[in-house]
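What follows is one structure encoded as structure tokens, with my remarks underneath.
Protein chains: 2
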Amino acid sequence: MDCIPCMMRQIVDAARRAKADEGAQRRILTGACELLARGLNNEEMTVAVCRDLNRLVVEETSVEEPYRDIKERHIKEALTLYPRLKERVVNSPDRLLAALKTAAAGNVLDIFIDVEARVQDVEGILKQEFALCCLEEFRQQLSQSTDILILADNAGETVFDRILIEELGKKNVVYAVKDSPIANDATLRDARESGLEEVATLISAGCSTAGTLLADCSEEFRRLFSEADIVLSKGMGNYEALSESSRPIFFLLKAKCQPVADDIGVPLGKLVFARQEDIGK
Amino acid sequence: MDCIPCMMRQIVDAARRAKADEGAQRRILTGACELLARGLNNEEMTVAVCRDLNRLVVEETSVEEPYRDIKERHIKEALTLYPRLKERVVNSPDRLLAALKTAAAGNVLDIFIDVEARVQDVEGILKQEFALCCLEEFRQQLSQSTDILILADNAGETVFDRILIEELGKKNVVYAVKDSPIANDATLRDARESGLEEVATLISAGCSTAGTLLADCSEEFRRLFSEADIVLSKGMGNYEALSESSRPIFFLLKAKCQPVADDIGVPLGKLVFARQEDIGK
């Protein structure tokens with residue numbers, strides 16, 4: 719139930735950032751209410767409804783990327799943090815664990831949740847333990863794998879993901895981002911600005927939804943998704959879109975809202991590294 | 719714009735408190751989206767839309783008063799505070815000002831805003847100055863008036879209003895509450911439990927809207943409203959419903975949300991005691 723007011727809050731924020739005038743605001747909000755009603759009636763996925771809500775803002779304001787400036791700021795902040803975070807991982811007794819935790823903590827760079835949480839909080843988050851942790855399963859599978867597909871989440875967080883990719887060893891890593899801007903999700907431009915091109919093959923998943931909605935994705939992505947030795951999914955949007963998937967996935971995220979925390983079965987705010995079978999137990 | 723997600727949040731909270739089952743939740747949320755879209759299209763008043771949203775919850779759950787327990791707790795807490803607040807007013811250099819401030823501070827007892835703010839915060843609020851204050855106009859009109867109509871806001875706050883009524887001198891005070899439960903607004907039962915019967919004539923305004931919507935009110939109330947020497951309106955809901963009224967009104971409230979603070983022209987969180995002509999300047 720809490721998703722509905724939250725989505726409404728997000729669309730109001732997007733409309734304001736896109737500088738919608740009064741008429742556009744009214745049309746966006748009215749359209750948003752109608753889309754939410756339709757979504758509820760048809761039991762549509764949250765990420766699909768969010769996609770349509772964001773399209774409304776683009777249609778009414780012609781602003782393609784209301785969060786451009788925030789994404790750039792987050793990437794810049796994250797790049798400033800990079801050397802310190804990298805050093806921390808390199809000096810950790812378990813570098814892979816430390817890198818996974820860093821990538822999960824990157825999830826704090828979010829426009830909607832934890833608005834007060836800034837990069838200063840990352841250090842605090844890194845001291846947390848994973849509420850669910852499938853590190854040994856991951857380590858074992860990693861040792862037998864070549865092709866790793868990572869599903870990106872937010873811009874800025876991308877920089878944190880670089881640190882993880884650098885700890886995966888010599889693998890073919892494909893880093894999949896959103897096709898066109900949706901909220902603060904990373905696009906190819908954001909991934910490049912984050913320096914990800916140096917450590918992974920960057921691709922667009924083909925979709926422009928807050929979570930990787932397979933039905934919206936490109937043929938190429940779907941093939942990669944089914945053939946990769948390991949799929950590592952970042953963030954809540956991807957979790958929402960893929961948690962029922964039949965292919966094994968490693969989900970790495972911070973449980974930033976109560977509905978997702980409840981669904982996973984962890985307290986709000988915890989870091990999670992888990993497979994489908996570890997969840998909700 | 720911010721009113722829409724806020725109303726949605728309130729209706730989710732009401733549905734949860736009324737223990738709506740999954741089917742009822744879906745119907746309430748879908749209906750809420752449709753009502754909000756209609757309200758936006760028809761430029762309906764926020765308080766009218768809230769009334770219809772709350773009706774949805776009652777219809778779907780048969781729970782007439784989802785906030786019964788919270789209202790009772792707030793009244794109980796306020797009654798515990800009463801002696802200390804009363805003493806504070808009695809020992810003030812300007813008792814009327816202190817009583818007005820106490821009545822405005824009572825607005826902190828709200829389920830929706832300041833959820834963390836408990837009665838302990840009242841002392842802090844009492845140290846605030848009014849951001850807008852028409853005390854001298856009020857004092858002067860009071861000296862020439864007999865019939866005072868007070869429009870109540872939330873249950874609990876009612877106890878704080880008693881302190882104000884006791885400082886008005888020997889007047890005919892009519893204290894108007896909501897007809898049937900709407901959110902945590904005071905009803906006759908709440909006013910009686912707050913001890914208001916001892917200091918004022920209690921009436922139902924006839925409406926069941928979060929603000930006193932004249933079109934929904936009883937004939938008797940509308941007569942009182944137009945004939946009273948002074949109308950004192952408590953809280954944001956009444957301000958929203960009546961700020962465009964042609965009859966002079968004294969508005970006493972805490973500006974608890976940004977849209978109302980912006981409309982009045984004061985910073986968020988400030989106490990306000992103002993007439994229509996003082997506002998938005």
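In order, the protein sequences belong to chains A and B.
Once you know that position 265 of the first sequence is 983 in the working numbering, the rest is easy, because the numbers rise by one and skip nothing.
Once you know that position 122 of the second sequence is 840 in the working numbering, the rest is easy, because the numbers rise by one and skip nothing.
The C-beta atom is built at its ideal place from N, Cα and C for all residues, glycine as well.
Remember, predicted model here, so these are calculated numbers, not experimental data.
Span of the alpha helix (DSSP H) around residue i
i         : result
B/Ser-863 : Element bounds for B/Ser-863: n/a, residue is neither H nor E.
A/Val-840 : 840-844
A/Ile-746 : 740-759
B/Glu-944 : First, the residue type needs correcting, since residue 944 of chain B is Ser and not Glu in the sequence shown. 937-945 is the span of the alpha helix (DSSP H), which, as asked, contains B/Ser-944.
A/Thr-798 : 786-808
A/Pro-723 : 721-735
A/Val-775 : 764-779
A/Leu-827 : Where A/Leu-827 is concerned, there is no enclosing alpha helix (DSSP H), given that its DSSP letter is neither H nor E.
B/Leu-882 : 875-884
B/Arg-965 : Premise fails: B/Arg-965 is in no alpha helix (DSSP H) and is neither H nor E.
A/Ala-904 : No alpha helix (DSSP H) contains A/Ala-904, which DSSP labels as neither H nor E.
Proximity to residue i [Cα-Cα], best of the options
i         : options                                       : result
A/Phe-878 : A/Arg-744, A/Arg-910, A/Arg-993 and A/Lys-804 : A/Lys-804
A/Ala-946 : A/Lys-889, A/Tyr-800, A/Ser-810 and A/Val-775 : A/Lys-889
A/Lys-845 : A/Ala-766, A/Thr-820, A/Gln-858 and A/Glu-855 : A/Thr-820
B/Leu-758 : B/Gly-874, B/Ala-909, B/Tyr-893 and B/Met-719 : B/Met-719
B/Lys-896 : B/Leu-914, B/Val-949, B/Thr-927 and B/Gly-913 : B/Thr-927
A/Arg-857 : A/Leu-827, A/Thr-764 and A/Leu-815            : A/Leu-815
A/Arg-786 : A/Ser-898, A/Val-984 and A/Gly-987            : A/Ser-898
A/Gly-929 : A/Glu-937, A/Arg-756, A/Asn-902 and A/Ser-944 : A/Asn-902
A/Asp-865 : A/Glu-782, A/Leu-932, A/Gly-741 and A/Leu-950 : A/Leu-950
A/Arg-965 : A/Gly-998, A/Arg-993 and A/Leu-853            : A/Arg-993
B/Glu-847 : B/Ser-861, B/Glu-995, B/Asp-934 and B/Phe-991 : B/Phe-991
B/Lys-952 : B/Asn-825, B/Asn-760 and B/Arg-813            : B/Asn-825
B/Arg-813 : B/Tyr-957, B/Gln-728, B/Val-917 and B/Leu-853 : B/Leu-853
B/Arg-756 : A/Ala-750, A/Glu-761 and A/Asn-760            : A/Ala-750
B/Arg-791 : B/Ser-861, B/Leu-827 and B/Glu-841            : B/Leu-827
B/Glu-995 : B/Arg-727, B/Cys-851 and B/Glu-740            : B/Cys-851
Contact under 9 Å by Cβ, residue i with residue j
i         : j         : result
A/Lys-972 : A/Ile-843 : yes
B/Ala-823 : B/Leu-989 : yes
B/Val-775 : B/Ala-738 : yes
A/Thr-764 : A/Met-725 : yes
A/Ile-793 : A/Thr-876 : yes
A/Pro-784 : A/Arg-744 : no
A/Ser-863 : A/Ile-948 : yes
B/Asp-839 : B/Ala-873 : no
A/Leu-747 : B/Ile-788 : no
B/Phe-969 : B/Ser-961 : yes
A/Glu-937 : A/Gly-924 : yes
B/Leu-932 : B/Ala-894 : no
A/Ala-742 : A/Ala-733 : yes
Chain-order list of residues whose beta-carbon lies under 6 Å from that of residue i (same chain, five-residue window excluded)
i         : result
B/Ala-817 : Val-807, Ile-881, Leu-882 and Glu-885
B/Ala-796 : Gly-874 and Val-877
B/Val-781 : Ala-736
A/Ile-729 : Ala-750 and Leu-771
Boundaries (first-last residue) of the beta strand (DSSP E) holding residue i
i         : result
B/Ile-921 : 919-922
B/Cys-851 : 848-851
A/Asn-890 : 890-895
A/Ala-973 : No beta strand (DSSP E) holds A/Ala-973; DSSP gives it neither H nor E.
A/Lys-988 : Element bounds for A/Lys-988: n/a, residue is neither H nor E.
B/Val-949 : 948-952
Same chain, Cβ closer than 8 Å to residue i, five either side skipped, listed in chain order
i         : result
A/Asp-980 : none
A/Leu-753 : Val-767, Asp-770, Leu-771 and Leu-774
A/Pro-985 : Ala-849, Ala-973 and Ala-979
B/Arg-910 : Leu-920
A/Gln-976 : Asp-720 and Leu-986
B/Gln-859 : Asp-947 and Ile-948
Own chain, CB closer than 7 Å to residue i, minus 5 neighbours either side, in chain order
i          : result
A/Leu-1018 : Residue 1018 of chain A cannot be examined here, being either before or after the span of chain A that is shown, 719 to 999.
A/Ser-944  : Arg-965
B/Ile-900  : Arg-769, Asn-772, Ser-926, Thr-927 and Ala-928
The segment 719-731 of chain A: positions lying closer than 7 Å to chain B by Cβ: Met-719, Asp-720, Ile-722, Pro-723, Met-726, Arg-727 and Val-730
If contact means a Cβ-Cβ distance below 7 Å, which residues of the segment 749-763 of chain B contact chain A? Cys-751, Glu-752, Leu-754, Ala-755, Leu-758 and Asn-759
Positions along the segment 730-745 of chain A whose CB lies within less than 8 Å of some CB in chain B: Val-730, Ala-733, Arg-734, Gln-743 and Arg-744
By the 8 Å beta-carbon criterion, what residues does the segment 838-860 of chain B contribute toward chain A? none
Contact list for the segment 970-997 of chain B against chain A, Cβ threshold 9 Å: none
With 9 Å as the C-beta to C-beta threshold (strictly closer), list the residues of the segment 805-824 of chain A near chain B in chain order. none
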